[in-house]
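First residue of the sequence shown: 4, per the numbering used here; consecutive thereafter. Ideal placement from N, C-alpha and C gives every residue a C-beta, glycine not left out. All remarks here apply to the structure that follows.
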Amino acid sequence: MTTESTEPARNPVLLIIDDETRILTAMQRSLRREGYEILTAATPEDALFIAKSRTLDIVLCDQRMPGMRGTELLAKIGEVHPHATRILMTGWTDAVTIGELESLGISGIFAKPWEDAELKKLLRKAASVIASG
């Protein structure tokens, strides 16, 4: 005898963190029809508040922000959401090493400026990992 889950599948929750509101707006606009519940934060403090109060599946975070580097913020979010896919965004890809990312549990790096198709592909891959459990 098999039982099927009666719970409806929920959309993956995506938190985008960037101190530039134009980046947050552009990413939200690009991703609004992709099936994510999109949350945004313009400061590390706002991001940590959201992380402590919500379930997160994917976190996309800028590296250079006032008050805290993205790598540090993603590590803190990882303490609350160890299974969330955490991705660092930066226009300065040479400023972070792959070893540093791996040691902090960060899944990958995404270069700014970005192509919408590449962003969507990266997030679909992250969402498929979540869906497969």
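Span separating the alpha-carbon of residue i from that of residue j
i: residue 133; j: residue 88; result: 8 Å
i: residue 129; j: residue 111; result: 10 Å
i: residue 108; j: residue 94; result: 20 Å
i: residue 4; j: residue 82; result: Model confidence at residue 4 stands at a pLDDT of 49, short of 50, so the residue's coordinates are unreliable; what they give is reported in the following sentence. Their Cα atoms are separated by approximately 39 Å.
i: residue 122; j: residue 113; result: 8 Å
i: residue 115; j: residue 12; result: 32 Å
i: residue 49; j: residue 60; result: 17 Å
i: residue 17; j: residue 39; result: 6 Å
i: residue 56; j: residue 80; result: 11 Å
i: residue 73; j: residue 24; result: 16 Å
i: residue 105; j: residue 19; result: 20 Å
i: residue 68; j: residue 27; result: 13 Å
i: residue 35; j: residue 14; result: 12 Å
i: residue 75; j: residue 103; result: 11 Å
i: residue 32; j: residue 135; result: 27 Å
Check whether residue i and residue j have beta carbons under 8 Å apart
i: residue 62; j: residue 77; result: yes
i: residue 84; j: residue 54; result: yes
i: residue 126; j: residue 37; result: yes
i: residue 65; j: residue 119; result: no
i: residue 70; j: residue 46; result: yes
Alpha helix (DSSP H) segment containing residue i, residue limits
i: residue 24; result: 24-34
i: residue 75; result: 73-83
Counterpart residues of residue i in DSSP-defined beta bridges
i: residue 91; result: 64 and 112
i: residue 20; result: 44 and 64
DSSP-derived helix/strand/coil call for residue i
i: residue 121; result: helix
i: residue 102; result: helix
i: residue 51; result: helix
i: residue 130; result: helix
i: residue 56; result: helix
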